[in-house]
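**Student:** Per UniProt numbering, residue 1 is the first one in the sequence shown, and the count goes up by one each step.
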Amino acid sequence: MSSQKNCCNPAVLKTPIHFTLPKKDNQSLPVAIIGGGPVGLAAAAHLVKAGESFILLEAGPSIAHHVLQWWHVRLFSPWRYNIDKAAKELLEKSGWSAPQDDELPTGKELADNYLIPLSKVTEIAPSIWTDAKVVGISRKGQDKMKTANRETLPFLLYIENAQGQPRRIEAKAVIDASGTWGQPNPLNASGVWTRQEKALDERIYYGIADVTGPNRQHYAGKHIAVAGGGHSAINTILELAELEDVKISWILRKANVQQAYGGEEKDALEARGELGSRIHELVDSGRVNVYTPFHVQHIEEMGDAISLEGEMKGQPFVLNGIDAVIVNAGSRPDLSMLNEIRTSIDPATESVEALAPLIDPNLHSCGTVRPHGEKELRQPEKDFYIVGMKSYGRAPTFLMATGYEQVRSIVAYLTGDFASAANLELELPETGVCSTNLNSASATCC
């Protein structure tokens, strides 16, 4: 057999496909954490504090893979809302010094000064696997239909690396903190990915583009359309405005652009209020052309430009001559890995079902989402939890501090500290730290 064939033959891989860890019963198996972002690492810190074994599986090549994709963006929430308490205790034992509470970190600073050091502490580092994408989860030997003895069986996680080589591990519980960043919503207002949109992937960017960095030549002197009404879109537009001779078209689905400005000077978080004020001034200056409510229904490449067709204010409308589009229309969870797990998912938000009435973006900002924990996150599949941004599904009101409280409560429950699991505390500014609707009655309903 050739060496080329050997490399792809599971029988001769150095690491066996199926990791049956040398454990006597399910209780001595590790807890599996999916995702190496802020909430996944916080879960690891709480499991360390509780004396529980775990394995953390990160699909990307490094910890904080998704965070580093928006490395240049400065958060408007200060450090004090971005560091988990159990994680801080672990880090300080290793000689780490916390950043100043009131400083606003960028994505890179969040990774370099907190997440990466946390991943390297001796109690966590040996239990991290990177390049380990979870493609499926089941109960060992049973599909979703089987009920007999289901809760007595360990979870079986199917993992692949970037080359598609498989592994399997067993776990007594699973905490899915894989997030939603890698699953952007399309430009198409109906939410369906069309062939035309997919074909234009070289001219449409999903996420917060670094428009003033090495790729600035792709945007300078061009007509750029930005789609989205949240902070990501606002950040993108403010940076585009720094470039020379850029024509900026802002596409929103809101009734009016004022809804995107937020509380401005009324905001409890100065940086977020300033963001709203800056975009307000930029629009008033005429530097940005606003199209709202514009529901894009068709995307077409016409020569060297892109044409967006749809409805604006209920009438047919076409926006022509666009060189590139930056889409900041939110994201959605990847639920495909959970096909064999019994879950309760809200049909509208795709959030954990019990959270849906708490996080509806039409009613709540981050500050009005009441603290919640294990009880609300509990799934029909015993000892399986969806946490962090993924627990909110498509809702944009998630906050890191909320995720930290989620995993603290879950770990307490898994380790038998039921009183602590039920005792929920989360302190946020009165206006929250994420809403762009601070002037609306709905944002203050709770």
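Beta carbons are placed, not taken as given, at the ideal position from N, Cα and C, and that holds for glycine.
(1) Taking the C-alpha atoms as reference points, what is the distance between Pro145 and Tyr158?
(2) With C-beta atoms as the reference, is Trp79 less than 9 Å away from Pro105?
(3) Short check: CB of His72 to CB of Lys49, under 9 Å?
(4) Threshold first: 4 residues or longer. Then list the alpha helix (DSSP H) segments lying entirely within the region 111-156, N to C.
(5) Can you tell me which of Lys254, His223, Val226 and Trp250 puts its alpha carbon nearest to the alpha carbon of Asn289?
(6) To the nearest angstrom, report how far apart Tyr206 and Val327 are at their CA atoms.
(7) Taking the straight line between their C-alpha atoms, what separation do you get for Ile322 and Asn235?
(8) Nearest to residue 477 by alpha carbon, out of Gly416, His66, Ala354 and Asn320?
(9) Starting from the C-beta of Arg139, find all residues in its chain whose C-beta is less than 6 Å away, skip the five residues before and the five after it, and write them out in chain order.
(10) Please classify Ala348: is it buried, with 16 or more other beta-carbons within 10 angstroms of its beta-carbon, or exposed?
(11) Please state whether DSSP places Leu57 in a helix, a strand or coil.
(12) Check whether the region 407-416 touches the region 191-203, taking contact to mean three or more Cβ pairs, one atom from each stretch, closer than 8 Å.
(13) May I ask which residues mark the beginning and end of the alpha helix (DSSP H) holding His72?
(14) If I follow the unbroken beta strand (DSSP E) through Gln297, where does it start and stop?
(15) Please report how far the alpha carbon of Glu160 lies from the alpha carbon of Asp25, in whole angstroms.
(16) Work out the CA separation of Gly276 and Gly40 for me, nearest whole Å.
(17) Counting along the chain, where does the beta strand (DSSP E) carrying Ser249 start and finish?
(18) Output yes or no for whether 9 Å exceeds the beta carbon distance between Gly36 and His65.
(19) Measure the alpha-carbon distance for Gly60 versus Pro316 and round it to whole angstroms.
(20) Tell me which residue opens and which closes the alpha helix (DSSP H) that Ser232 is part of.
(21) Is Gly403 close to chain D? Criterion is C-beta to C-beta, closer than 9 Å.
(22) Looking at the structure shown, is Phe418 part of a helix, part of a strand, or coil, going by DSSP?
(23) Could you tell me if Thr122 is buried or exposed, where buried requires 16 or more neighbouring beta carbons within 10 angstroms of its beta carbon?
**Tutor:** Here's the rundown:
(1) Note that residue 145 is Met in the sequence shown here, rather than Pro. Distance between the alpha carbons of Met145 and Tyr158: 19 Å.
(2) Yes, they are a contact pair.
(3) The beta carbons of His72 and Lys49 sit no closer together than 9 Å.
(4) Those alpha helix (DSSP H) runs which fall completely within the region 111-156 and span 4+ residues are 116-119.
(5) Nearest option by C-alpha distance: Trp250.
(6) When rounded, the distance between both Cα atoms is 5 Å.
(7) For Ile322 and Asn235, the distance between alpha carbons rounds to 20 Å.
(8) Since the first and last residues shown for the chain are 1 and 446, residue 477 lies out of range.
(9) Once the five neighbours on either side are set aside, the close Cβ partners of Arg139 are Arg150 and Leu153.
(10) Answer is exposed; the Cβ neighbour count stays below 16.
(11) In the structure shown, Leu57 sits in a strand (DSSP, three-state: E or B).
(12) Cβ pair count under 8 Å is below three, so no.
(13) From DSSP, His72 is part of no alpha helix (DSSP H); its letter is neither H nor E.
(14) Gln297 -> beta strand (DSSP E) spans Phe294 to Met302.
(15) Their backbone Cα atoms lie some 25 Å apart in a straight line.
(16) Those two C-alpha atoms are separated by around 31 Å.
(17) Element bounds for Ser249: Lys247 to Ile251.
(18) Yes.
(19) Our two residues, Gly60 and Pro316, have alpha carbons roughly 42 Å apart in a direct line.
(20) DSSP places Ser232 inside the alpha helix (DSSP H), whose first and last residues are His231 to Leu240.
(21) Considering every chain present, this structure includes no chain D. It has just one protein chain.
(22) In the structure shown, Phe418 adopts helical secondary structure according to DSSP, grouped into three states.
(23) It is exposed - the Cβ of Thr122 has fewer than 16 other Cβ atoms within 10 Å.
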